[in-house]
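A.B. asks:
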Amino acid sequence: MTISRTPEPQQLDVNAISRISEGTSLKGELSSLTDIRVDGTVTGTIYSAGRIVVGEKARIEGSVYCTDLDLWGKVKGDVCVKNVLSLKASAAVDGNLRVRRLQVEMGASLDGTCKMISEADFDQEVSRLSDSVQVEKLG
């Protein structure tokens with residue numbers, strides 16, 4: 001007789017997510033090995049070895065580098081995503097996209113170009129970035 005157990009669901013540690021809350025402004029470079037949630041304003045470069053979620057009222061002026069990006073807000077700058085970029089209906093990008101996979105909802109806007117890249121291309125982008133910013137290599 002074989003007994004199988006269903007695995008227990010993993011607990012998400014909410015403290016492992018870096019948050020820029022609504023009403024908060026950040027100028028400079030942000031680098032995180034964990035997920036990032038932006039609901040405020042960021043001016044500069046954002047790098048995450050995980051997922052970045054940009055809320056509807058959020059504004060980013062600068063470059064974004066991450067594994068996955070869910071975008072509801074506005075980005076003015078270039079975006080480089082290792083895996084999936086999901087542009088939600090309220091999203092607006094004024095810049096160039098370099099992504100492996102792209103998902104776009106009706107209503108999202110892009111003023112720029114989009115280039116599909118491989119993981120190796122992404123790693124090259126990050127290595128160029130790490131020359132000027134302290135960045136841990138994505139896993």
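Going by this note's numbering, the final residue of the sequence shown carries number 139, and the count climbs one at a time with no gaps. By construction, the Cβ of each residue, glycine as well, lies at the ideal position given by its N, Cα and C atoms.
(1) Measure the beta-carbon distance from Lys88 to Trp72 and round it to whole angstroms, keeping in mind my assumption that it falls under 8 Å.
(2) Could you pull the start and end residues of the beta strand (DSSP E) that Glu22 belongs to?
(3) Residues in the same chain with beta-carbon distance under 6 Å from Ala58, minus the five sequence neighbours each way, listed in chain order, please.
(4) On the criterion of 16 or more Cβ atoms from any shown chain inside 10 Å, does Ser21 qualify as buried, or is it exposed?
(5) Would you give the residue range spanned by the beta strand (DSSP E) that Asp123 belongs to?
(6) Suppose you measure from the CA of Asn96 to the CA of Glu61; what does that come to, to the nearest Å?
(7) Which of the three DSSP states, helix, strand or coil, is assigned to Ala16?
(8) For Arg128, count the other beta carbons within 10 Å of its own beta carbon; 16 or more makes it buried, fewer makes it exposed. Which is it?
(9) Quick check on Leu33: does DSSP put it in helix, strand or coil?
(10) For Leu69, tell me which candidate among Gly55, Arg51, Asp78 and Ser63 has the shortest Cα-Cα distance.
(11) From Ile117 to Val42, what does the alpha carbon distance come to, in whole angstroms?
(12) On the DSSP bridge assignment, give the partners of Lys74 in chain order.
C.D. replies: Taking the definition as stated:
(1) One-based indexing of the sequence shown puts residue 88 at position 88. One-based indexing of the sequence shown puts residue 72 at position 72. Between Trp72 and Lys88 the Cβ distance is about 5 Å, and since that is below 8 Å, they are a contact.
(2) The count along the sequence shown starts at 1 and reaches residue 22 at position 22. Unbroken run through Glu22: none, as it is neither H nor E.
(3) Along the sequence shown, one-based indexing puts residue 58 at 58. Closer than 6 Å at Cβ, skipping near neighbours: Val38, Asp39 and Gly73.
(4) Locating residue 21 in the sequence shown gives position 21, where the first residue counts as 1. That one is exposed.
(5) Position 123 of the sequence shown holds residue 123. Per DSSP, Asp123 belongs to no beta strand (DSSP E); it is in the alpha helix (DSSP H), Glu119 to Ser130.
(6) Your numbering for residue 96 matches position 96 in the sequence shown. Your numbering for residue 61 matches position 61 in the sequence shown. Near 13 Å, if we compare the C-alpha coordinates of Glu61 and Asn96.
(7) To locate residue 16, count along the sequence shown from 1; it is residue 16. In the displayed model, Ala16 falls within a helix according to three-state DSSP.
(8) Here residue 128 refers to the residue found at position 128 when the sequence shown is read from its first residue. Counting C-beta atoms within 10 angstroms of its own C-beta, Arg128 has fewer than 16 neighbours from the protein chains shown and is therefore classed as exposed.
(9) Counted from its first residue, the sequence shown places residue 33 at position 33. Leu33: coil per DSSP, three-state reduction.
(10) Within the sequence shown, the letter at position 69 stands for residue 69. Of the listed residues, the one whose Cα sits closest to Leu69 is Arg51.
(11) Working through the sequence shown from its first residue, we reach residue 117 at position 117. Working through the sequence shown from its first residue, we reach residue 42 at position 42. Rounded to whole angstroms, Ile117 to Val42 spans 25 Å at the Cα level.
(12) Position 74 of the sequence shown, counted from the start, is the residue given in the question as residue 74. Arg59 and Ala92, per the DSSP bridge assignment.
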